[in-house]
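Q: Below is the structure I would like to discuss, written out as structure tokens.
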Amino acid sequence: MAGPIGTRKERRGAQGAHKVKTGCLTCKIRHKKCDEIKPACSPCKSTGRKCDFQALPQPLQRQIYPDRSNVWSLAGQLWSKPPLHLVDLWYFEYFKVVCAKQLSLSLATDLWESFVLPTALTEPFIMHGILAVGALGRDRIPSRFSGGSISLTGYSASYPLRKYNQAIQELNKRLDASCRSRDLALIGSLIFAVVEAYQGRDDMAQMHLHSALSILESPESTTTGEFQTPPDLHRIFNCLFSHPHLNFRSFSSVIYRIPTPIQALQLVSGFETVIEARDSLNSITGAIHSTYQRRAASAGDSNSTQLKEEILRLSCQLDLWYTHFSALKARSTADIETTTCTQILMIHHHIAKLHLSGEPEQCIHASEFSSIIELAADLLKAEEISRMITSKPVPGHSLDIAITQPLFYTACRCKDGIIRRRAIALLEKIDGASSYDTQLLARVARWVVAMEEKASLESGHTEGVVNEEDMLYDVELDVGNEPGECNITAWRRDNGSWLRVSGYVHVG
């Protein structure tokens, strides 16, 4: 006979309890009742099984304005997500250290650091979008000859475009799944406008911002509750469309309006890890790029004294970075991973010094270019040995950022014919998933060298040495519709003015 109701032990899952319709797949397969506790339900947790909820992205409204200290551990989290290639991680780190801070200053909000960065871990369209921004921010500067932008060091031209397209595709999927959430479209519009602005395409940036304005003004647009963005996003758009100095008609000037401030750089006092050294070098590189942009935009301006002071301070920062990094190398273990990372950072330290020297002075620093060649050759040799030992294919893009860009830059900017040809020869040795882009850059570099040396010979100069007047600047690639086609545009000094030079290469 059943006992009194007051003393009756409640049966788990009794009638009237919550009906489970969306439990985890593991419980469904085991025919167990799932309590839907996330990130791991109780039945899976108690039996040590992997719960499917752990693989699902967490609701984004829980991630609004997370603890800022978490932002700096994002790189570690990325390896537990679908893994990023080395090239992706490199651009993610640059966005985190440089672009997010610059955008926060430009648009007067910490939205990028407090919301966009953490949310990128669960929203693929945001991740692809900020990778495109990181690539463009690191490798592109406004052109002095056109309204667009040009490559600063030579880079995979297809990478930011591919990430941009992936971001649009992923956003379209999310919009279909979320009844076209207004907030999804708003955050997407802002990121896409920044991508276009970094390329100097104000008309396309304006189109994305107009779309955002239409969404904001539409009375039918309501938030679904699935994706809730912070109020800052709405304030940003209101400022862009109302503030006279934040005019969306020149959005790229808004992005570059407040460059990475030299004063914000902290004097390094030493490094405990290679990660700290990398972040510090990224910060200095971002400040150098901003100085480079202003110098290119205001040649002969009255602000030249201020620019010289900034360049001197950045030069001191680079020297101090090198001192502390050398101390870190001396006490670090000599394992393959650490050695590779230190060599990559040294390559980009040399690139930073060359960028800081400006034009045409950077063309005469043969020692810096020689160091880049030696370090790149060591990295290629180490990877070849590693491949022979492990008998495993090398991950795609592993050398894209570390070697390809600096070698292309060396081939195009150095005056010494021997060094330039060594750089091209190393480019032609790189294979793997990024080999097509690498071979394309090698062909372009050969074209640049041939054009410059031909012009110098015609001017009566020594064979193999290029006169400064015959150097090509702002080399820009336009990959054609047919496989292997590439049109080249560059500029050369001509009696005090700039002469446009065009060419064509084909990669078989």
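Heads up: the sequence shown begins at 700 in my numbering, then just goes up one per residue.
No residue lacks a Cβ here, since even glycine has one placed at the ideal position from N, Cα and C.
If you're wondering where the values come from, they're calculated on a predicted model, not measured in any experiment.
(1) Going by DSSP in three states, Arg1012 sits in which element: helix, strand or coil?
(2) What residues in its chain sit with their C-beta under 7 Å from that of Lys1028, if we drop five residues either side in the sequence?
(3) Report buried or exposed for Pro738, applying the criterion of at least 16 other Cβ atoms within 10 angstroms of its Cβ.
(4) Using CA atoms only, rank isn't needed, just tell me which of Asp1136, Ser1158 and Phe1068 is closest to Gly1116.
(5) How is Cys1113 classed by DSSP in three states: helix, strand or coil?
(6) Within 10 angstroms of its Cβ, does Asp1193 collect 16 or more other Cβ (buried), or is it exposed?
(7) What is the rounded straight-line gap between the Cα of Leu1053 and the Cα of Pro1105?
(8) Count the other CB atoms, across all protein chains shown, that sit within 10 Å of the CB of Asn871; report buried if there are 16 or more and exposed otherwise.
(9) Grab me the residues of Lys1128's own chain with a C-beta within less than 8 Å of its C-beta, minus the 5 sequence neighbours each way, in chain order.
(10) Should Arg837 be counted as a contact of the ligand ZN given a C-beta to heavy atom distance under 7 Å?
(11) Helix, strand or coil, according to DSSP, for Glu735 in the structure here?
(12) Check whether the Cβ atoms of Ala1189 and Tyr1203 lie closer than 8 Å to each other.
(13) Around the C-beta of Gln868, are 16 or more other C-beta atoms found within 10 angstroms, so that it is buried, or is it exposed?
(14) Using DSSP with H/G/I as helix, E/B as strand and the rest coil, what is Cys743?
(15) Under the three-state reduction of DSSP, which class applies to Asp1077: helix, strand or coil?
(16) Does the beta-carbon of Arg1112 have 16 or more other beta-carbons within 10 angstroms, so that it is buried, or is it exposed?
(17) Going straight from the alpha carbon of Ser1201 to that of Ser1031, what length do you get?
(18) With H, G and I counted as helix, E and B as strand and the rest as coil, what does DSSP make of Ser1158?
(19) Classify Glu971 as helix, strand or coil using the three-state DSSP reduction.
(20) Within 10 angstroms of its Cβ, does Trp1020 collect 16 or more other Cβ (buried), or is it exposed?
(21) What do you get for Gln1005, buried or exposed, if any count of 16 or more other CB atoms within 10 angstroms of its CB means buried?
(22) With distances taken between CB atoms, is the gap from Ala1141 to Ile1123 smaller than 8 Å?
(23) Assign Lys800 to buried or exposed, taking buried as 16 or more other Cβ atoms, counted over all protein chains shown, within 10 Å of its Cβ.
(24) Based on the DSSP secondary-structure assignment, which residues constitute the bridge partners of Thr687?
(25) Where does Ser1196 fall in DSSP's three states?
(26) If contacts are defined as beta-carbon pairs under 8 Å, then Ile825 and Ile886 qualify, I think. What distance do you get, rounded to the angstrom?
(27) Just how far apart, CA to CA, sit Leu788 and Leu1044?
(28) Using CA atoms only, rank isn't needed, just tell me which of Ala896, Glu1168 and Ala1065 is closest to Ser1155.
(29) Assuming the contact rule is C-beta atoms closer than 8 Å, Thr984 and Ala896 should be a hit. Round their C-beta distance to whole Å, please.
(30) Pop quiz: Leu874 and Ser888 are said to be a contact at Cβ under 8 Å. What is the actual Cβ separation, rounded to whole angstroms?
(31) Which residue wins for smallest C-alpha separation from Leu980, given the options Cys740, Leu816, Asn1186 and Leu1017?
(32) Terminal residues of the continuous alpha helix (DSSP H) containing Gly722?
(33) Measuring alpha carbon to alpha carbon, tell me which of Gly828, Phe794, Val815 and Ser813 ends up nearest Gly836.
(34) Take the Cβ of Ile890 as the centre, count every other Cβ of all protein chains shown within 10 Å, and call the residue buried at 16 or more, exposed below.
A: Let's see:
(1) Within the sequence shown, numbered from 1, the residue matching residue 1012 stands at position 313. Arg1012 falls in the helix class under three-state DSSP.
(2) In the sequence shown, residue 1028 corresponds to position 329, counting from 1. Result list for Lys1028: Thr1041, in chain order.
(3) Taking the sequence shown and counting its residues from 1, one reaches residue 738 at position 39. Classification of Pro738: exposed, given that the 10 Å Cβ count is below 16.
(4) If you number the sequence shown from 1, residue 1116 lands on position 417. Considering only alpha carbons, the answer is Phe1068.
(5) On the sequence shown, position 414 is the one that residue 1113 refers to. Note: Cys1113 maps to coil in three-state DSSP.
(6) Translated into the one-based positions of the sequence shown, residue 1193 becomes position 494. By the neighbour-count rule (16 or more Cβ atoms within 10 Å), Asp1193 is not buried but exposed.
(7) The count along the sequence shown starts at 1 and reaches residue 1053 at position 354. The count along the sequence shown starts at 1 and reaches residue 1105 at position 406. Distance between the alpha carbons of Leu1053 and Pro1105: 11 Å.
(8) The residue given as residue 871 occupies position 172 in the sequence shown. With fewer than 16 other Cβ atoms within 10 Å, it is exposed.
(9) As a position in the sequence shown, residue 1128 is number 429, starting the count at 1. Around Lys1128: Leu1079.
(10) No copy of the ligand ZN appears in this structure; indeed no ligand is present at all.
(11) As a position in the sequence shown, residue 735 is number 36, starting the count at 1. Glu735: coil per DSSP, three-state reduction.
(12) Within the sequence shown, numbered from 1, the residue matching residue 1189 stands at position 490. Within the sequence shown, numbered from 1, the residue matching residue 1203 stands at position 504. No, the pair does not count as a contact, with Cβ atoms beyond the cut-off.
(13) On the sequence shown, position 169 is the one that residue 868 refers to. Label assigned to Gln868: exposed.
(14) Counted from its first residue, the sequence shown places residue 743 at position 44. Helix at Cys743.
(15) Working through the sequence shown from its first residue, we reach residue 1077 at position 378. DSSP places Asp1077 in helix when its eight states are reduced to three.
(16) One-based indexing of the sequence shown puts residue 1112 at position 413. Arg1112 is buried by the Cβ-count criterion.
(17) By one-based count along the sequence shown, residue 1201 stands at place 502. By one-based count along the sequence shown, residue 1031 stands at place 332. So the alpha carbons of these two residues sit roughly 48 Å apart.
(18) Taking the sequence shown and counting its residues from 1, the one referred to as residue 1158 is at position 459. Note: Ser1158 maps to coil in three-state DSSP.
(19) The count along the sequence shown starts at 1 and reaches residue 971 at position 272. Residue state, collapsed to three classes: coil.
(20) Translated into the one-based positions of the sequence shown, residue 1020 becomes position 321. So Trp1020 ends up on the buried side.
(21) Taking the sequence shown and counting its residues from 1, the one referred to as residue 1005 is at position 306. Per the 10 Å Cβ criterion, exposed.
(22) Here residue 1141 refers to the residue found at position 442 of the sequence shown. Here residue 1123 refers to the residue found at position 424 of the sequence shown. Yes, the Cβ-Cβ distance between Ala1141 and Ile1123 is below 8 Å.
(23) For the purposes of this step, residue 800 is identified with residue 101 of the sequence shown, where counting begins at 1. Lys800 is buried by the Cβ-count criterion.
(24) Here the chain comprises residues numbered 700 to 1207, so residue 687 is not present and cannot be evaluated.
(25) Position 497 of the sequence shown, counted from the start, is the residue given in the question as residue 1196. DSSP places Ser1196 in strand when its eight states are reduced to three.
(26) The residue given as residue 825 occupies position 126 in the sequence shown. The residue given as residue 886 occupies position 187 in the sequence shown. The Cβ separation is near 7 Å, so the contact holds.
(27) Taking the first residue of the sequence shown as 1, we reach residue 788 at position 89. Taking the first residue of the sequence shown as 1, we reach residue 1044 at position 345. One C-alpha to the other measures close to 14 Å.
(28) As a first step, residue 1155 must be located in the sequence shown, where it is residue number 456. For Ser1155, the nearest C-alpha among the options comes from Glu1168.
(29) Within the sequence shown, the letter at position 285 stands for residue 984. Within the sequence shown, the letter at position 197 stands for residue 896. So it is not a contact: roughly 20 Å between Cβ atoms.
(30) As a first step, residue 874 is located in the sequence shown; it is residue number 175 there, counting from the start. As a first step, residue 888 is located in the sequence shown; it is residue number 189 there, counting from the start. Actually they do not touch by this definition, with Cβ atoms about 12 Å apart.
(31) Taking the sequence shown and counting its residues from 1, the one referred to as residue 980 is at position 281. It is Leu1017 whose Cα lies nearest to the Cα of Leu980.
(32) Along the sequence shown, read from residue 1 onward, the residue named residue 722 stands at position 23. Unbroken run through Gly722: none, as it is neither H nor E.
(33) Counting from 1 along the sequence shown, the entry for residue 836 is found at position 137. The shortest Cα separation from Gly836 among Gly828, Phe794, Val815 and Ser813 belongs to Phe794.
(34) Translated into the one-based positions of the sequence shown, residue 890 becomes position 191. By the neighbour-count rule (16 or more Cβ atoms within 10 Å), Ile890 is buried.
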